[in-house]
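FYI, in this note's numbering the residues of the sequence shown are 40 to 293. Just so it is clear, CB atoms sit at the ideal spot from N, CA and C, and this is done for glycine as well.
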Amino acid sequence: MEDPLIIGDKKFSSRFILGSGKFSLDMTSKVMETSGAEIATIAIRRANQNGEGNILDYIPENLVLLPNTSGARTADEALRLGRLARELGCGEFIKVEVIRDSKYLFPDNYETIKATKLLYDEGFIPMVYMMPDLNVAKDLEKSGAEAVMPLAAPIGSNKGLLTKNFIKILVDEINVPIIVDAGIGSPSQACEAMEMGVDAIMANTAIATANNIVQMAKAFKLAIEAGRYAYLAGLGRVLNLKSQASSPLTGFLK
């Protein structure tokens, strides 16, 4: 891996995290293989069942599972869901979600900080969904977050980088990986976020609602890779006042 994404004690070559919540079970495996993702989120309620409806039967074995605490309204509820995920064999990675707001589904940042500390103290690797706020991100880092996952726009909206300026502040000031989660609606938006210097992108709705789901998964994969390469290369300067030719304007043929 020339440019690994490091979360906790693991290294990943892909910077695309795929949410599985809105895919039908029969599409899950194909989409994940096409995306090149190495981490896949799962809702614990979809794993906590037997028979043909268990999503764990459809996720490629080589992927790291990232169960989320969706449905938790308090830190204690998030801890219980984390423990359940561990009992189900999902490992130590956990996506911390604490949401009391049922209308807009905004995360409760302060209860999320408490949940992160509780889960970290029990040996989990918390990757934390949050509203992009610098002070909260710093507190999450102190509480054991191995990655912070600021929303770009309301979850499921596909509205894009509405919180771009706040995310950029986190990129500049926070030491753990910044993973943009929620609201990214197109590959171009994912690429733009990567060009800003975020470490990874998580997406689900933008792919699940596309006309060709598998093709859109590949489009996101390529866009995320392109954005990362552009960030590492260093974007060219922007001239505000006048144009500047890339080739000499003198010495034309007469």
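Quick one: is residue i buried, meaning 16 or more other Cβ sit within 10 Å of its Cβ, or exposed?
{"i": "residue 121", "result": "buried"}
{"i": "residue 248", "result": "exposed"}
{"i": "residue 154", "result": "buried"}
{"i": "residue 174", "result": "exposed"}
{"i": "residue 52", "result": "exposed"}
{"i": "residue 139", "result": "exposed"}
{"i": "residue 268", "result": "exposed"}
{"i": "residue 162", "result": "exposed"}
{"i": "residue 50", "result": "exposed"}
{"i": "residue 273", "result": "exposed"}
{"i": "residue 143", "result": "exposed"}
{"i": "residue 43", "result": "exposed"}
{"i": "residue 271", "result": "exposed"}
Could you give the DSSP three-state label for residue i: helix, strand or coil?
{"i": "residue 104", "result": "strand"}
{"i": "residue 34", "result": "What the structure shows of the chain is the stretch from 40 to 293, and residue 34 is not part of that stretch, so it cannot be assessed."}
{"i": "residue 132", "result": "strand"}
{"i": "residue 81", "result": "strand"}
{"i": "residue 170", "result": "coil"}
{"i": "residue 49", "result": "strand"}
{"i": "residue 215", "result": "coil"}
{"i": "residue 143", "result": "coil"}
{"i": "residue 70", "result": "helix"}
{"i": "residue 202", "result": "coil"}
{"i": "residue 236", "result": "coil"}
Find the nearest neighbour of residue i within the set the options, judged by alpha-carbon distance.
{"i": "residue 80", "options": "73, 242, 223 and 127", "result": "242"}
{"i": "residue 141", "options": "194, 226, 95 and 184", "result": "194"}
{"i": "residue 176", "options": "215, 273, 237 and 101", "result": "215"}
{"i": "residue 220", "options": "57, 271 and 152", "result": "57"}
{"i": "residue 230", "options": "199, 188 and 253", "result": "199"}
{"i": "residue 213", "options": "222, 181 and 196", "result": "181"}
{"i": "residue 170", "options": "260, 178, 211 and 148", "result": "148"}
{"i": "residue 45", "options": "263, 234, 238 and 59", "result": "238"}
{"i": "residue 207", "options": "187, 123 and 196", "result": "187"}
{"i": "residue 98", "options": "69, 83 and 124", "result": "69"}
{"i": "residue 71", "options": "172, 260 and 265", "result": "260"}
{"i": "residue 113", "options": "130, 178 and 150", "result": "150"}
{"i": "residue 179", "options": "190, 191 and 166", "result": "166"}
Output the distance between the C-alpha atoms of residue i and residue j, rounded to the nearest integer angstrom.
{"i": "residue 164", "j": "residue 277", "result": "40 Å"}
{"i": "residue 224", "j": "residue 218", "result": "15 Å"}
{"i": "residue 2", "j": "residue 54", "result": "In this structure the chain extends from 40 to 293, so residue 2 is not present and cannot be described."}
{"i": "residue 111", "j": "residue 275", "result": "44 Å"}
{"i": "residue 118", "j": "residue 100", "result": "25 Å"}
{"i": "residue 204", "j": "residue 126", "result": "39 Å"}
{"i": "residue 251", "j": "residue 245", "result": "11 Å"}
With DSSP as the reference, identify every bridge partner of residue i, one or two as the case may be.
{"i": "residue 241", "result": "56 and 220"}
{"i": "residue 187", "result": "167 and 217"}
{"i": "residue 44", "result": "51"}
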